[in-house]
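Number of protein chains: 2
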Amino acid sequence: LRRFQAVAEDTRFRIVRRLAGGERCVCELQDEMGAAQSRLSFHLKKLKDAGVVTDRRDGRWVYYSLVPEALDEMRAFLGEVKTAEEGWRVSRRNGGACC
Amino acid sequence: LRRFQAVAEDTRFRIVRRLAGGERCVCELQDEMGAAQSRLSFHLKKLKDAGVVTDRRDGRWVYYSLVPEALDEMRAFLGEVKTAEEGWRVSRRNGGACC
DNA sequence: TTCATGCATCAACGACAGTTGATACGGGAG
DNA sequence: CTCCCGTATCAACTGTCGTTGATGCATGAA
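If you want it as structure tokens, here you go:
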């Protein structure tokens, strides 16, 4: 749930899409998105706490990037839900009798 | 985004997991989840507006079920983000030179 | 060291989302 | 028709979340 909550917000959603194109420091996101620095730090912290991104310090810059495992987990959840959903859906077509 | 916003809330998250096991009417969810009827109606409307669930009227009961396409779309988004992310990650391992 | 830059954190505010209880609607049973 | 039950909708309240500007904390340059 935490993962979904992290992504389900406009600013953070856009951050994730940016990071898909490569790691960025806060100042780059600031320029590209036209958002206040305080705002980005706030949302990046949320994403980091949820395990969706990681940060890497290089000099005075902090680079953020996506965590593939987090995206996998979300996909896995949706996959389980969907297969279960299609499971009972086809069994219903057979009149409720499971094959 | 709308889809993720719909799922990214505790009550709705649990509703989705329930519906993965088959369609339910509001009163069934009410019993299983111990939630107020007003509350469930509120969240089911959100899920419906987001296209995550559909409703089917049978007598005086309204049955809700998941919409597979919605789950597919969310999985597709996460898939695109992840492949793009892994793309630049491996190209970085090659010193930035794309093969 | 001193200054400037990049980022994190804080407090105050505003706005929106969820909860609750009451009310209204709608369909079936009698 | 009238009553009952399952749902939807509404209004009021509460709390949580995001925004903003200011401040603090590092790090590198001069």
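Residue numbers (our numbering), protein chains in the order written: chain A, 1 to 99; chain X, 100 to 198. Built from N, CA and C at the ideal position, the CB exists for glycine as well. Quick caveat: nothing in here was measured; it's all calculated off a predicted structure.
Same chain, Cβ closer than 7 Å to A/A6, five either side skipped, listed in chain order: Cβ within range, chain order: R12, K46, L47, A50, V52.
Whole-Å CB distance - A/M33 paired with A/R14, under 8 Å assumed: With 8 Å as the limit, A/M33 and A/R14 qualify as a contact, their Cβ atoms being about 6 Å apart.
is_contact[A/R17, chain X] using C-beta, thresh 8 Å: Interface residue, yes.
Residues that X/K147 contacts on chain A, provided the C-beta gap is smaller than 7 Å: Going along chain A, no residue has its Cβ under 7 Å from X/K147, so there is no contact; the nearest lies around 16 Å.
Minimum length 3: unbroken beta strand (DSSP E) runs contained in the stretch 126-177 of chain X: If we require 3 residues or more, the beta strand (DSSP E) runs fully inside the stretch 126-177 of chain X come out as 152-157, 160-165.
Proximity test, Cβ basis, 8 Å: X/E131 and chain A: So no, X/E131 is outside the interface.
Closest Cα partner of A/A84 within the set X/S140, X/A107, X/V166: Checked all of X/S140, X/A107, X/V166; the closest Cα to A/A84 is X/V166.
Identity of the residues DSSP links to X/R123 by a beta bridge: According to DSSP, X/R123 bridges with X/Y163.
Boundaries (first-last residue) of the alpha helix (DSSP H) holding X/A105: Unbroken alpha helix (DSSP H) run through X/A105: 101-106.
Neighbourhood of A/S41 by C-beta distance below 8 Å, restricted to the same chain and skipping five residues each side: So the qualifying residues of the chain are V26.
Selection from A/A8, A/A20, A/Q30, A/E9 that minimises the alpha carbon distance to X/G186: Residue A/A20 is the option with its Cα nearest to X/G186.
Residue-level contact to chain X via CB, A/F42, 8 Å cutoff: No, no contact with chain X.
With 16 other Cβ atoms within 10 Å as the buried cut-off, status of X/E179: X/E179 should be labelled exposed.
A/V16 versus A/D58, A/R93, A/L71, A/D31, residue with shortest Cα-Cα distance: Closest option to A/V16, judged by alpha-carbon separation, among A/D58, A/R93, A/L71, A/D31: A/L71.
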